[in-house]
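Undergrad: Residue numbers (the working numbering): 5 to 294.
Note that CB positions come from ideal geometry on N, CA and C, so glycine has one too.
Input: one structure, supplied below.
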């Protein structure tokens with residue numbers, strides 16, 4: 005019996021230690037989760053999703069547009085050579101946009117972690133610096149400029165959607181049983197009027213059954229829907245940048261208040277120390293006099 009008791013006591017102590025370890029791990033996890041900038045995380049995910057949709061779908065849709073023009077609207081290569089160069093340049097720009105926003109989103113997420121920890125550690129030894137506040141202000145300005153630029157990208161991405169929608173609606177009108185056309189071949193879509201290809205390009209337009217066949221091709225169907233998704237991705241990126249702008253502005257204001265609070269606490273501690281020193285000297289003088 006004497007040999008069993010220590011074993012039971014040891015087991016109970018080990019259980020208590022395990023409970024304390026579990027409690028410590030749980031509290032550590034809660035503390036780590038409390039330091040996550042959820043607003044910045046949501047904005048980063050939305051930004052990555054929007055940029056990925058815009059870049060990926062836009063790249064494939066531009067390739068399909070070149071194929072449609074070469075096969076149906078411009079048989080001579082020299083007529084659409086400039087347009088081909090412009091589209092290839094836009095595809096390279098898409099590569100750069102994807103790379104830049106991948107890095108910029110990670111930087112903004114890291115800045116969100118930094119500012120969140122700065123606010124939560126306001127009353128500890130953590131102190132914000134002038135350089136940190138300047139970097140936060142720079143991100144606010146840069147995000148504002150990028151937001152305005154993406155508004156232009158969003159408007160520009162709606163142009164091919166409008167052009168493809170006009171062709172699709174014309175084809176749908178010709179196939180409608182309600183429609184009453186005396187001559188279907190008189191219904192045409194001329195892409196030269198949009199400035200995509202020059203006026204001397206041949207044939208430059210598609211009419212009647214030829215236009216219907218173009219609308220039924222997989223290239224047209226795929227490009228049309230990819231342009232819609234790319235436009236939606238550009239809109240999501242604009243929303244993400246606006247979200248980032250609000251977050252960065254609030255974080256910059258928090259850091260500014262934190263710096264003022266630290267300055268106030270330093271002054272208060274100095275005044276209390278001086279008051280304590282004066283009181284101590286007064287007591288010493290009083291004791292020596294007595």
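Beta-carbon within less than 7 Å of residue 241's beta-carbon, same chain only, minus the 5 sequence neighbours each way: which residues are those?
TA: One-based indexing of the chain shown puts residue 241 at position 237. Counting only residues of its own chain and dropping the five nearest sequence neighbours on each side, residue 241 has a CB closer than 7 Å to the CB of 51, 54, 55, 58, 154.
Undergrad: Mind checking who residue 209 pairs with in its DSSP beta bridge?
TA: Taking the chain shown and counting its residues from 1, one reaches residue 209 at position 205. DSSP, once it has assigned bridges, lists 194 as partnering residue 209.
Undergrad: Under 8 Å by Cβ, that's how I've got residue 227 and residue 68 pegged, so tell me the actual separation to the nearest angstrom.
TA: One-based indexing of the chain shown puts residue 227 at position 223. One-based indexing of the chain shown puts residue 68 at position 64. Right, their Cβ atoms sit about 4 Å apart.
Undergrad: Give the straight-line distance between the Cα atoms of residue 250 and residue 148, rounded to the nearest whole angstrom.
TA: On the chain shown, position 246 is the one that residue 250 refers to. On the chain shown, position 144 is the one that residue 148 refers to. Taking the straight line joining both Cα atoms gives about 10 Å.
Undergrad: Could you name the residues that DSSP lists as bridge partners for residue 78?
TA: Here residue 78 refers to the residue found at position 74 when the chain shown is read from its first residue. For residue 78, which the question treats as bridged, DSSP gives the partners 207.
Undergrad: Can you tell me where the alpha helix (DSSP H) holding residue 60 begins and where it ends?
TA: The count along the chain shown starts at 1 and reaches residue 60 at position 56. From DSSP, the alpha helix (DSSP H) with residue 60 extends over 42–72.
Undergrad: Under the rule that 16 or more other beta-carbon atoms within 10 Å means buried, what is residue 231, buried or exposed?
TA: For the purposes of this step, residue 231 is taken as residue 227 along the chain shown, with counting starting at 1. Buried, by the Cβ-count rule.
Undergrad: With 16 as the cutoff for other CB atoms within 10 Å, does residue 116 come out buried or exposed?
TA: In the chain shown, residue 116 corresponds to position 112, counting from 1. Answer is buried; the Cβ neighbour count reaches 16.
Undergrad: Counting only the same chain and skipping the five closest in sequence on each side, list residues whose C-beta sits under 7 Å from that of residue 194.
TA: Here the question's residue 194 lines up with position 190 in the chain shown. Taken in chain order, the residues that qualify are 208, 209.
Undergrad: Return the chain-ordered list of same chain residues with a C-beta closer than 7 Å to the C-beta of residue 157, the five sequence neighbours on each side being excluded.
TA: The residue given as residue 157 occupies position 153 in the chain shown. Here the set comprises 238.
Undergrad: Between 70, 256, 112, 97, which lies nearest to residue 84 when the distance is taken from Cα to Cα?
TA: Position 80 of the chain shown, counting from 1, holds the residue named residue 84. Out of 70, 256, 112, 97, 70 has the C-alpha closest to the C-alpha of residue 84.
Undergrad: What separation, rounded to the nearest whole angstrom, lies between the Cα atoms of residue 218 and residue 72?
TA: Locating residue 218 in the chain shown gives position 214, where the first residue counts as 1. Locating residue 72 in the chain shown gives position 68, where the first residue counts as 1. In this structure, the alpha-carbon of residue 218 lies about 8 Å from that of residue 72.
Undergrad: Expressed to the nearest angstrom, what Euclidean distance is found between the alpha-carbon atoms of residue 77 and residue 167?
TA: Taking the chain shown and counting its residues from 1, one reaches residue 77 at position 73. Taking the chain shown and counting its residues from 1, one reaches residue 167 at position 163. Those two C-alpha atoms are separated by around 14 Å.
Undergrad: I need the straight-line Cα distance from residue 144 to residue 256, nearest angstrom please.
TA: For the purposes of this step, residue 144 is taken as the residue at position 140 of the chain shown. For the purposes of this step, residue 256 is taken as the residue at position 252 of the chain shown. Distance between the alpha carbons of residue 144 and residue 256 is about 8 Å.
Undergrad: Residue 44 and residue 107: beta carbons closer than 9 Å?
TA: Residue mapping note: residue 44 aligns to position 40 of the chain shown, counting from 1. Residue mapping note: residue 107 aligns to position 103 of the chain shown, counting from 1. It is not a contact, given that the beta carbons lie outside the stated cut-off.
Undergrad: Which value, in whole angstroms, describes the spacing of the CA atoms of residue 119 and residue 104?
TA: Here residue 119 refers to the residue found at position 115 of the chain shown. Here residue 104 refers to the residue found at position 100 of the chain shown. Looking at the two C-alpha atoms, the distance is approximately 22 Å.
Undergrad: State the Cα-Cα distance for the pair residue 163 and residue 151, rounded to the nearest angstrom.
TA: Taking the first residue of the chain shown as 1, we reach residue 163 at position 159. Taking the first residue of the chain shown as 1, we reach residue 151 at position 147. Roughly 19 Å separates the two Cα atoms.
Undergrad: Residues in its own chain within less than 7 Å of residue 100 by CB, not counting five upstream and five downstream?
TA: Here residue 100 corresponds to residue number 96 of the chain shown, with the count starting at 1. Excluding residues within five positions, none has a Cβ falling inside 7 Å.
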